[in-house]
Amino acid sequence: MPICRPRTLTAAQAERALRRSVEANPANADAVARVIHSEPGRRGGAKRLVLSVGHRWPESGIELAVQFLDDPPATLRRRILSHMNAWSAHAHVRFRETRDLGQVRIARLEAPDDRAGYWSYLGTEILAIEDDAPTMNLQGFTAHTADAELCRVVRHETGHTLGFEHEHLRAAMIARIDRRKAIAWFDREYGWTAEETVAQVLTPLTRASVLGTRESDPKSIMCYEIPAAITKDGRRIVGGRDISRRDAAFAASIYPGPDASAGPPRAVAARGGGVGPGAGRRVPGGGGEHPTAAPDVDTFHLVVLDPFEPDGPGAGKPAHVRLFATYSGARVTAPMRVRAARGEKPTRFPAIIATHERIKRYTGFEAGSLPDDAALIRFGADLFDTLFQGDVQRLYDEARARQQGRRLDLVLTSMVPWIAEKPWEFAYDRTRGSFLATEDIHFVRNVLTGMPSEAIPPRTGPLRILVVAAQPVGAGKLSIEQETRVIRRGFEALIDAGLAEIEVLARATPGAMHERLQDARFNVVHFIGHGVFDEARQEGALLFEDEHGQQLRLGERPLREILCRRGIELVFLNACQSGAGGRADFNKGIAQSLVAHGLPALVANQYSVLDSSATAFAKHFYRALATGQTLADAARESRIA
1047 MPICRPRTLT
1057 AAQAERALRR
1067 SVEANPANAD
1077 AVARVIHSEP
1087 GRRGGAKRLV
1097 LSVGHRWPES
1107 GIELAVQFLD
1117 DPPATLRRRI
1127 LSHMNAWSAH
1137 AHVRFRETRD
1147 LGQVRIARLE
1157 APDDRAGYWS
1167 YLGTEILAIE
1177 DDAPTMNLQG
1187 FTAHTADAEL
1197 CRVVRHETGH
1207 TLGFEHEHLR
1217 AAMIARIDRR
1227 KAIAWFDREY
1237 GWTAEETVAQ
1247 VLTPLTRASV
1257 LGTRESDPKS
1267 IMCYEIPAAI
1277 TKDGRRIVGG
1287 RDISRRDAAF
1297 AASIYPGPDA
1307 SAGPPRAVAA
1317 RGGGVGPGAG
1327 RRVPGGGGEH
1337 PTAAPDVDTF
1347 HLVVLDPFEP
1357 DGPGAGKPAH
1367 VRLFATYSGA
1377 RVTAPMRVRA
1387 ARGEKPTRFP
1397 AIIATHERIK
1407 RYTGFEAGSL
1417 PDDAALIRFG
1427 ADLFDTLFQG
1437 DVQRLYDEAR
1447 ARQQGRRLDL
1457 VLTSMVPWIA
1467 EKPWEFAYDR
1477 TRGSFLATED
1487 IHFVRNVLTG
1497 MPSEAIPPRT
1507 GPLRILVVAA
1517 QPVGAGKLSI
1527 EQETRVIRRG
1537 FEALIDAGLA
1547 EIEVLARATP
1557 GAMHERLQDA
1567 RFNVVHFIGH
1577 GVFDEARQEG
1587 ALLFEDEHGQ
1597 QLRLGERPLR
1607 EILCRRGIEL
1617 VFLNACQSGA
1627 GGRADFNKGI
1637 AQSLVAHGLP
1647 ALVANQYSVL
1657 DSSATAFAKH
1667 FYRALATGQT
1677 LADAARESRI
1687 A
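Per this note's numbering, residue 1047 is the first one in the sequence shown, and the count goes up by one each step.
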């Protein structure tokens, strides 16, 4: 497995680094020192004198453009950026992708040896690196690399980009390593000379410009695993797998952000001129506001239009509806055949409906099995080919061709209820080999409503989440306590940094939820429990407890009265069938009804789901949302998880 090796500047790079580092942050001028390094990656590499300067970015915060040198898939680029921006939950920093020259330039080199592996230059050193050279390397990473490995490596190397040194080079950590064992082990495993091992593993950090916490932290993301084979006591130092609490607190202290009068964060120019005002919008947080890049997104709107057939006797059921699509000023229509006349080729809908009902029966614990991968792809292809036909497909292909790294949101609205209730999120693009909802597209549903969504003022404090948990007698087993613990655990770092507050309302009754929302303001309401949809009445409901712990159905109207027009930005319904709608009127469903009456956004389930799946979705969703990603980004990442 590749390990992270410190990079050494050439003499010319070091001279540029001194100048650019002071331009970026004048405080770096106070931290100039001279040290001797052995150039890594070569046996017996010649020692050279280099300048080591303070590598801090400005305390007011920084926005850095990220360029991918070998054009990896969009899915991998987004995952890498997501992990880089995990630091923005704690510090006033932000990374955004660019197709132009970036300050951070990422490669995946596997050769030559001195360029392979995992590495990054330190802090403002990246400003001294030649324009065509990488500043960070992530050897061999692909779209199939496990997220745990991406998390561990990308967040570690991004820490270097922010100026943070290796935690395991602290004197306290090095004191636990057996010198003789270490030299032999690194020679055997990596072919390093004794001098290289001493320089890169056994020499503690002593420079005045070192950025570090007061005490060593073996759980720090900046600490890689130290094998038991080289420690004095024969016990391995596990190392960090994610940003630790100390990491978060320290990053917040180094880059706390501007005060109220300091203006927006600063963006570093890729060439010439050093630092100038950033153009990013601002996302509120507990320790000051955090920078994000201006939205880099296009939207493809797709509407299934009502056929406007007369309702009188003998009118019959229409054989076609019409698709209406808009993108970047273009507007096109195409017919969608929904029924076949006698003797005509069948439409795709019988197969779509059969698979849809099969999934509903299985996830509802009624009978049967899930379709296998091949059947799911056929199902997804039928959905895709039904939505994208004629001019609509040509406009969609044009939108995809223009992406060039930009995000594309696909917003689906259906005026035909029985079409709206189909699981279009499964749509599979055979040409590109991808499911729309989990790969290059952010798939979002809309509902038909004449009521504008509630205007929500910008948030100026931490994200406040009310977790409403209900488990009435007879509703079945749902691990409320486990999910609540997971949600709290997922937010520990954000809570510690003052970016999120969570309040749990256990054994919730409608009255208790109403009273709590009257007394305090929350940004998010997260419901854990059960939902039902009454096909006969064409109405959805959530199952709450009454005063005696018995089951109480709360229908759409009382839910709207409690949740809408209270400044709530998002409702997350972790309840089966909470996303189901009526076949006669799709707006008759819990999710649809709330959004149609002004709720800005909602996440819900169309099928019944396992506790473990719902918990994993919620954990990834909130982590993405809290680190500055959009709602569409957060939903997409959670679907993948």
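Just so you know, even glycine gets a beta-carbon here, dropped at the ideal spot from N, CA and C.
- Considered as a whole, the stretch 1168-1225 harbours 1193-1207, 1217-1220 as its complete alpha helix (DSSP H) runs of no fewer than 4 residues, in chain order.
- Fewer than three beta-carbon pairs drawn from the stretch 1479-1493 and the stretch 1553-1569 are found closer than 8 angstroms, and the two stretches are therefore not classed as touching.
- The straight-line gap separating the alpha-carbon atoms of D1419 and Y1474 is approximately 12 angstroms.
- About 6 angstroms separates the beta carbons of V1462 and V1367, which is inside the 8 angstroms limit, making them a contact pair.
- Our two residues, W1238 and V1244, have alpha carbons roughly 10 angstroms apart in a direct line.
- Judged by DSSP secondary structure, T1372 falls within the beta strand (DSSP E) whose first and last residues are 1366-1373.
- A distance below 7 angstroms between beta-carbons, with the five flanking residues on each side excluded, links L1248 to the following residues of its chain, in chain order: I1220, I1223, R1225, A1228.
- At a Cβ-Cβ threshold of 8 angstroms, F1472 and G1426 count as neighbours.
- Assigned with DSSP and collapsed to three states, N1131 falls in helix.
- Short of 7 angstroms from the beta carbon of G1601, and not among the five residues preceding or following it, lie these beta carbons of its own chain, in chain order: E1585, A1587.
- The DSSP-derived three-state label of G1577 is strand.
- Short of 6 angstroms from the beta carbon of A1397, and not among the five residues preceding or following it, lie these beta carbons of its own chain, in chain order: D1428.
- In this structure, the straight-line span from the alpha carbon of I1541 to that of F1568 is close to 15 angstroms.
- For R1383, the enclosing beta strand (DSSP E) starts and ends at 1376-1383.
- In the structure shown, D1344 falls within a strand segment according to DSSP collapsed to helix, strand and coil.
- With respect to R1201, A1135 sits apart: the two C-beta atoms are not nearer than 8 angstroms.
- Nearest in C-alpha terms to A1274, of all of S1266, I1283, I1636, is I1283.
- Following the DSSP letters along the chain, one finds F1395 inside the alpha helix (DSSP H) bounded by residues 1395-1409.
- Judged by beta-carbon spacing, V1350 lies within the 8 angstroms limit of M1382, meaning their Cβ atoms are closer than that value.
- In this structure H1190 is exposed. Its beta-carbon is surrounded by fewer than 16 other beta-carbon atoms within 10 angstroms.
- Counting other Cβ atoms within 10 Å of its Cβ, L1456 reaches 16 or more and is therefore classed as buried.
- Between the stretch 1159-1175 and the stretch 1113-1128 there are fewer than three C-beta pairs closer than 8 angstroms, too few to call the two in contact.
- For R1606, same chain residues with a beta-carbon under 7 angstroms away, outside a window of 5 residues either side, are S1639, L1640, H1643 in chain order.
- By the Cβ-count criterion, A1298 is buried, with 16 or more other Cβ atoms from all chains shown falling within 10 Å of its own Cβ.
- Residue range 1546-1551 is occupied by the beta strand (DSSP E) that includes E1547.
- P1119 and A1680 have their C-alpha atoms roughly 19 angstroms apart.
- For G1586, the enclosing beta strand (DSSP E) stretches over residues 1585-1591.
- Between I1152 and F1114, the gap from beta carbon to beta carbon is short of 8 angstroms.
- Residue pairing by DSSP places T1277 opposite I1223 in a beta bridge.
- If you look at D1437, you'll find it isn't in any beta strand (DSSP E); it sits in the alpha helix (DSSP H) that goes 1436-1447.
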